[in-house]
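Structure first, commentary second.
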């Protein structure tokens, strides 16, 4: 059976994704090997007797050969068993699934906001190069990119919560329904999104300017195709490829960046889960949360790669020619 | 595409401005009524909610509001008063007799509190869990032999040896709280079962715990004592102190601990009040006496002479705390009022270093936790020791890595560590960490002095108050002579809150009496 170039491309990307996930899992497993001293001692605390440490080491399988432990760990991960929280005794997967929707919501809200504001800004700047708005956009974009997120967050809280009393600071809401939850999402999402708005706007401006100068765009203009149609239907699709690539990485970075937003705005999420777990050396929770972030990151990158095929049909043709 | 006219744009802008001026009618703006109060906690609760296996002060404070002990602390002091007990008497050195108030009902239909519940609660500290894990706070009741039930409401606490510290760090504290045997056997108090059920006879019930979001306490309908002021207390985990401060200013929180260095700034805010208490905790720089060059007493003395404690404390805490010169804080039994207050003398320090074979100083590391105050201390110490030629590298670690670094064999590699321990009302709690058996656990100085161990042990097992006082001062003299401890401060607890609120905090600053929070 002969596979089409596109299918072979998808297959190879899937294999790479799986390899990344397995490598990350092995790396996370090796984390336990670097804990100073016996992990059972760490978990049981300073008051543990040597007998208790020995018994707990056996329960944790620490007396087994390392490769056997690695095989068991990989097997457990594959079956969805990420272990138990060493403090509460609850399955770690439950803990992660409880908070993951909050982190995902925050990440998607931030990236959505960045796209909704960054893309029109970038398009406007590319179609009106050198205009006053383009120059203002350039300055503000660079300012947004340069400002650290936590500084933005503190200023936003000061302005909109402390002075104006418009928006709440803490948490995700309590019995306030969707309206309250959305209001509590505004400040963390904006503080995460601001730098990305600037980034997307500048990147899109540059690539759109380049595409607008290409021969097929000149031909379209010569045929009298309306400028709006050329920009939004023809050029934007091609110019979006670098932006999509950056957004793919951005989801991963925003998942990591969500830690700061969750701490500053006291929101539940993977960030606060990991933060608390590291403080008490609750390694199964750290491993599981990081594994979920890695999985989301690699899957997002896979989707990003596949999006190229849709955005630029020439890529599919080039894959065929390469064969 | 629709084009907007200038009129439409101006109209939209005007409407937005009007909504803004009207104060944005969102529900979050509604001031919380006095029926509910929201207090900040530094992290979410974790782990089993039993006195024997609690994780720390945050869980302890919740348990204290939900459960009763035989006795309890009065707000703002370490004096105690009767709580679940009608009578509590020490009849001899190793026997304490108690009689419970009849009619104390565990909420949730778990019946009346009896002497058997007291026996179950206290003896649980000696139990090893099914997973082989000993009780986290087993040491608190290490002197307990058993509890003898003599009647439905009466019993005897029989000790293996005299234990005066029980009256200040166990019975009125979290390790003295009484839980229901029936509820425990029915699977309550377990954090691996959701929703977690914390059953007690106290003023509040744990009505709701949404992990990582909030803990809600509501008044216990079965409670027959003085009615708490607030029908509902919401505990909001806020990990970042700056966020807590901003949330207080936005009136989303009504009470939060604040960093001493920020106190002066917060004081300027209107509608915000500060409570400042001198604490009994202790912050110090410990020197590893096993590792060269700190194994040389002259080097340790040189460092003590080079570090100007007053300057360190004034700089790092913004002048809000007092310097410390010994382990016990003022007001505690064993407080050493005449402890030496060495004047900083870099010249003498250099001379001592030269005598110790280090005329040009040496390089070393100061390990500390990644908190702004501690980092400020580290930088000042770095500068002060630099004056005598000692080059200090700061090793700044997160809490997890920090607490592991002094443990076991890894602790042998420590040079100096900036440490902070929480204090309790009885000096036995403070001295227990510095005995030889704690080397590799909490005694990061790896200091081994049999005379100190003996004085501590004797003081912890006699009921003679004057003798205990003498022995604890003696123990602190041994610490001072070792040169392994450079005391910095006993800290101060500073809390910011709304002026209408009257918080109830114990002198160590970590322990709260939520059921005694009231309106000013």
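Chains as they are written, first to last, in our numbering: chain V, 7 to 329; chain E, 125 to 644.
Glycine included, every Cβ here is placed at the ideal spot set by N, Cα and C.
Short check: CB of residue i to CB of residue j, under 7 Å?
{"i": "residue 195 of chain V", "j": "residue 264 of chain V", "result": "no"}
{"i": "residue 175 of chain E", "j": "residue 298 of chain E", "result": "yes"}
{"i": "residue 163 of chain V", "j": "residue 377 of chain E", "result": "no"}
{"i": "residue 425 of chain E", "j": "residue 607 of chain E", "result": "yes"}
{"i": "residue 480 of chain E", "j": "residue 420 of chain E", "result": "yes"}
{"i": "residue 600 of chain E", "j": "residue 408 of chain E", "result": "no"}
{"i": "residue 93 of chain V", "j": "residue 170 of chain E", "result": "yes"}
{"i": "residue 437 of chain E", "j": "residue 445 of chain E", "result": "yes"}
{"i": "residue 270 of chain V", "j": "residue 364 of chain E", "result": "yes"}
{"i": "residue 245 of chain E", "j": "residue 182 of chain E", "result": "no"}
{"i": "residue 296 of chain E", "j": "residue 196 of chain E", "result": "yes"}
{"i": "residue 102 of chain V", "j": "residue 294 of chain V", "result": "yes"}
{"i": "residue 173 of chain E", "j": "residue 301 of chain E", "result": "no"}
{"i": "residue 199 of chain V", "j": "residue 217 of chain V", "result": "no"}
{"i": "residue 205 of chain E", "j": "residue 213 of chain E", "result": "no"}
{"i": "residue 274 of chain V", "j": "residue 108 of chain V", "result": "yes"}
{"i": "residue 470 of chain E", "j": "residue 504 of chain E", "result": "no"}
Rank the options by C-alpha distance to the C-alpha of residue i and give the top, closest one.
{"i": "residue 83 of chain V", "options": "V/305, V/297 and V/289", "result": "V/297"}
{"i": "residue 638 of chain E", "options": "E/324, E/178 and E/354", "result": "E/354"}
{"i": "residue 180 of chain E", "options": "E/508, E/216, E/581 and E/546", "result": "E/546"}
{"i": "residue 331 of chain E", "options": "E/436, E/324, E/341 and E/323", "result": "E/341"}
{"i": "residue 514 of chain E", "options": "E/527, E/525, E/534 and E/489", "result": "E/489"}
{"i": "residue 613 of chain E", "options": "E/567, E/497, E/557 and E/595", "result": "E/497"}
{"i": "residue 555 of chain E", "options": "E/211, E/584, E/162 and E/207", "result": "E/584"}
{"i": "residue 235 of chain E", "options": "E/372, E/305 and E/208", "result": "E/305"}
{"i": "residue 541 of chain E", "options": "E/227, E/493 and E/308", "result": "E/493"}
{"i": "residue 544 of chain E", "options": "E/595, E/403 and E/597", "result": "E/403"}
{"i": "residue 290 of chain V", "options": "V/96, V/21 and V/237", "result": "V/96"}
{"i": "residue 202 of chain E", "options": "E/549, E/558 and E/575", "result": "E/549"}
{"i": "residue 126 of chain V", "options": "V/143, V/309 and V/254", "result": "V/143"}
{"i": "residue 289 of chain E", "options": "E/623, E/267 and E/277", "result": "E/267"}
{"i": "residue 533 of chain E", "options": "E/615, E/192, E/567 and E/271", "result": "E/567"}
{"i": "residue 98 of chain V", "options": "V/272, V/288 and V/309", "result": "V/288"}
{"i": "residue 162 of chain E", "options": "E/243, E/211, E/373 and E/521", "result": "E/373"}
Taking all protein chains shown into account, do 16 or more other C-beta atoms lie within 10 angstroms of the C-beta of residue i, making it buried, or fewer, making it exposed?
{"i": "residue 152 of chain V", "result": "exposed"}
{"i": "residue 24 of chain V", "result": "exposed"}
{"i": "residue 319 of chain V", "result": "exposed"}
{"i": "residue 13 of chain V", "result": "exposed"}
{"i": "residue 454 of chain E", "result": "exposed"}
{"i": "residue 152 of chain E", "result": "A caution first: residue 152 of chain E carries a pLDDT of 39, below 50, which makes its placement in the model unreliable, though a value can still be read off. It is buried - the Cβ of residue 152 of chain E has at least 16 other Cβ atoms within 10 Å."}
{"i": "residue 234 of chain V", "result": "exposed"}
{"i": "residue 32 of chain V", "result": "exposed"}
{"i": "residue 635 of chain E", "result": "buried"}
{"i": "residue 169 of chain V", "result": "exposed"}
{"i": "residue 197 of chain V", "result": "buried"}
{"i": "residue 157 of chain E", "result": "Only weak support is given to the placement of residue 157 of chain E: the predicted model assigns it a pLDDT of 47, under 50, and the value that follows is read from those uncertain coordinates. Exposed, because fewer than 16 other Cβ atoms sit within 10 Å of the Cβ of residue 157 of chain E."}
{"i": "residue 257 of chain E", "result": "buried"}
So with CB distances below 7 Å, who are the chain V contacts of residue i?
{"i": "residue 337 of chain E", "result": "177, 178 and 274"}
{"i": "residue 373 of chain E", "result": "168"}
For residue i, which residues in chain E fall below 8 Å Cβ to Cβ?
{"i": "residue 222 of chain V", "result": "The premise fails here: residue 222 of chain V is roughly 24 Å from chain E at the closest Cβ pair, so nothing lies under 8 Å."}
{"i": "residue 134 of chain V", "result": "The contacting residues do not exist; residue 134 of chain V stays about 16 Å from chain E at best."}
{"i": "residue 287 of chain V", "result": "524, 527 and 528"}
{"i": "residue 265 of chain V", "result": "Those within 8 Å of residue 265 of chain V in chain E number zero; the least Cβ separation is about 11 Å."}
{"i": "residue 111 of chain V", "result": "Going along chain E, no residue has its Cβ under 8 Å from residue 111 of chain V, so there is no contact; the nearest lies around 14 Å."}
Using a cut-off of 7 Å between C-beta atoms, extract the partners of residue i located in chain E.
{"i": "residue 95 of chain V", "result": "315 and 316"}
{"i": "residue 104 of chain V", "result": "335"}
{"i": "residue 270 of chain V", "result": "364 and 367"}
Using a cut-off of 8 Å between C-beta atoms, extract the partners of residue i located in chain V.
{"i": "residue 203 of chain E", "result": "Here the premise fails: no neighbours, minimum Cβ distance about 29 Å."}
{"i": "residue 370 of chain E", "result": "160, 163, 164, 167, 168 and 175"}
{"i": "residue 174 of chain E", "result": "Those within 8 Å of residue 174 of chain E in chain V number zero; the least Cβ separation is about 13 Å."}
Let me check you understand the geometry: is the CB of residue i closer than 6 Å to at least one non-hydrogen atom of the ligand MG?
{"i": "residue 406 of chain E", "result": "With respect to the ligand MG, the structure shown offers nothing to examine, as it has no ligands at all."}
Give me the chain V residues within the contact set of residue i, using Cβ-Cβ distance strictly less than 9 Å, ordered along the chain.
{"i": "residue 622 of chain E", "result": "Simply none; closest approach about 15 Å."}
What does residue i reach in chain E if we use C-beta pairs closer than 9 Å?
{"i": "residue 282 of chain V", "result": "167, 168, 170, 336, 361 and 363"}
Next item on the list: List in chain order: all unbroken alpha helix (DSSP H) runs of 4+ residues lying wholly within the stretch 306-385 of chain E.
Entry: 365-373
Next item on the list: Within the stretch 197-261 of chain E, note down every full beta strand (DSSP E) run reaching 3 residues or more, in order along the chain.
Entry: 204-206, 209-216 and 219-224
Checklist line | Runs of alpha helix (DSSP H) lying entirely within the stretch 124-182 of chain V, each at least 4 residues, in chain order | finding: You should have 138-152 and 155-162.
Checklist line | 4 or more residues per run - each alpha helix (DSSP H) lying fully within the stretch 279-320 of chain V | finding: 289-317
Notebook entry, point to check: Taking the runs of the beta strand (DSSP E) that are 3 residues or longer, which of them lie wholly in the stretch 514-543 of chain E?
Noted result: 515-521
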